[in-house]
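S.K.: So for the sequence shown, the UniProt record's numbering puts the first residue at 1; every next one is plus one.
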Amino acid sequence: MASSVVVQDNIKVVLDLIRDACAKSQLSKRCSLVAVSKTKPIDLITACYDVGQRHFGENYVQELEEKSLALKDICPEIKWHYIGKVQSNKIGKICASPSLFCVETIESQKHCDMFNKEMEKRQSVLDVFVQVNTSQEDQKGGLSLDNAPDLALYITNNCPNLHFNGFMTIGSFDNSHIVPNPDFDRLYQVREAWAKRASRSPEEVQLSMGMSDDFETAIAQGSTSVRVGSKIFGPRIYKAT
Numbered sequence: 001m002a003s004s005v006v007v008q009d010n011i012k013v014v015l016d017l018i019r020d021a022c023a024k025s026q027l028s029k030r031c032s033l034v035a036v037s038k039t040k041p042i043d044l045i046t047a048c049y050d051v052g053q054r055h056f057g058e059n060y061v062q063e064l065e066e067k068s069l070a071l072k073d074i075c076p077e078i079k080w081h082y083i084g085k086v087q088s089n090k091i092g093k094i095c096a097s098p099s100l101f102c103v104e105t106i107e108s109q110k111h112c113d114m115f116n117k118e119m120e121k122r123q124s125v126l127d128v129f130v131q132v133n134t135s136q137e138d139q140k141g142g143l144s145l146d147n148a149p150d151l152a153l154y155i156t157n158n159c160p161n162l163h164f165n166g167f168m169t170i171g172s173f174d175n176s177h178i179v180p181n182p183d184f185d186r187l188y189q190v191r192e193a194w195a196k197r198a199s200r201s202p203e204e205v206q207l208s209m210g211m212s213d214d215f216e217t218a219i220a221q222g223s224t225s226v227r228v229g230s231k232i233f234g235p236r237i238y239k240a241t
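#1: Ordered along the chain, which non-local residues of its own chain (more than five positions away) have a Cβ less than 7 Å from that of ARG122?
#2: Here's the rule: buried if 16 or more other CB atoms are within 10 angstroms of the residue's CB, otherwise exposed. What is THR241?
#3: I need the boundaries of the alpha helix (DSSP H) containing VAL226, first residue and last residue.
#4: With three or more beta-carbon pairs closer than 8 Å as the criterion, would you say the segment 125-145 touches the segment 91-107?
#5: With distance defined between alpha-carbon atoms, name the residue in ARG54, ILE18, CYS22, ASP20 nearest to ALA35.
#6: From the DSSP output, which residues share a beta bridge with GLU58?
#7: Closer than 6 Å by C-beta to PRO41: which residues in its own chain qualify, once you throw out the five before and the five after it? Chain order, please.
#8: Could you check the C-alpha separation between SER97 and GLN62 for me, to the nearest Å?
#9: Mind checking whether GLN221 and PHE184 have CB atoms under 8 Å apart?
#10: Please go through the segment 23-60 and give each complete beta strand (DSSP E) segment of 3 or more residues, from N-terminal end onward.
#11: How many Å lie between ASN181 and SER223 at the Cα?
#12: DSSP beta-bridge partners for GLY166?
#13: Would you grab the beta carbon distance between GLU107 and LEU143 for me? Rounded to a whole angstrom, and I think it's under 8 Å.
#14: Within 10 Å of its beta-carbon, does VAL228 have 16 or more other beta-carbons around it, so buried, or fewer, so exposed?
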C-alpha cells in the first residue's frame with residue numbers, strides 16, 4: 001500500500017495533469033478532482049486532505065458511514081461523493097452520513113423521491129448527478145441516452161430538496177484508451193439534449209466523467225469533474241470473501 005507521503009506526491013501530480021489538460025482543452029477550462037478512496041484507510045484520506053484535497057468518493061455505504069463519522073471533526077471541510085449503486089434500503093444511511101456533498105449515481109424517479117424526502121427531513125438540499133449508461137453495457141448502471149434528460153427535468157421540477165448538478169458516466173474499459181472516447185462524446189451530447197429541453201445553457205451543469213486511465217481525455221472532451229482513485233492511492237484493495 002502507498003504511504004502518506006507517496007499519496008501526497010501522487011495527488012499533486014494528478015492536479016498538475018488536470019491543470020495542463022484544462023489549459024489545452026477547448027471544451028473544459030476548469031475541472032474538479034474527486035479522490036476515490038474506496039477500500040483505502042483513513043490515514044491516506046487525511047494525507048490528501050492535508051495538502052488541500054476536499055472532495056472524496058466512496059462506492060460502499062458502510063465505508064461512507066464509517067469514514068464520514070471518523071473524519072467529521074478531523075477534516076471539517078471534507079465533502080463526500082457517493083458514487084456506488086443506490087439501493088432503496090440504504091438511502092437513509094447515505095443521507096445521514098456527515099458531510100455528504102453529492103450522490104452521483106441517480107437513475108430512477110423512485111430514488112429521486114426517496115432522496116428528496118430524506119433531505120426534506122433534514123431541511124437540507126443535496127447535489128445529485130444523473131448516471132448515464134453511455135456504453136449500453138448490461139452490467140453498468142445508469143439510464144439510456146434518451147431517458148437521462150427526462151430524469152434531470154424531473155428532479156428540477158419535482159424535488160425541491162435535490163439540486164440537479166449534472167450527468168455522470170462510467171465509460172467502458174474498451175473505450176478507455178480510445179481518443180476521442182465515444183462514451184465521453186455521448187455524455188456531452190446528453191447534456192446538450194438536456195439544455196435544449198430545459199431552455200438552459202449546457203455549461204450550467206457538470207459532466208462527471210473520466211477516471212485514472214482516461215481523465216485527461218475526458219477533460220479534452222468537456223469533463224468538469226474527474227474521479228481518480230488508483231493513480232492517487234495505488235491499486236484497489238479487494239475485500240476478502
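From the three backbone atoms N, C-alpha and C, an ideal C-beta is built for every residue, glycine too. Please read all numbers here as calculations on a predicted model, not as lab measurements.
M.R.: Judging by the given coordinates:
#1: CYS95
#2: Residue placement at THR241 is flagged as unreliable, the pLDDT there being 44, under the threshold of 50; a coordinate-derived value is accordingly withheld.
#3: Run containing VAL226: none in the alpha helix (DSSP H); it sits in the beta strand (DSSP E), 225-228.
#4: yes
#5: ARG54
#6: TYR82
#7: none
#8: 10 Å
#9: yes
#10: 32-36, 55-58
#11: 12 Å
#12: PHE129, GLN206
#13: 5 Å
#14: buried
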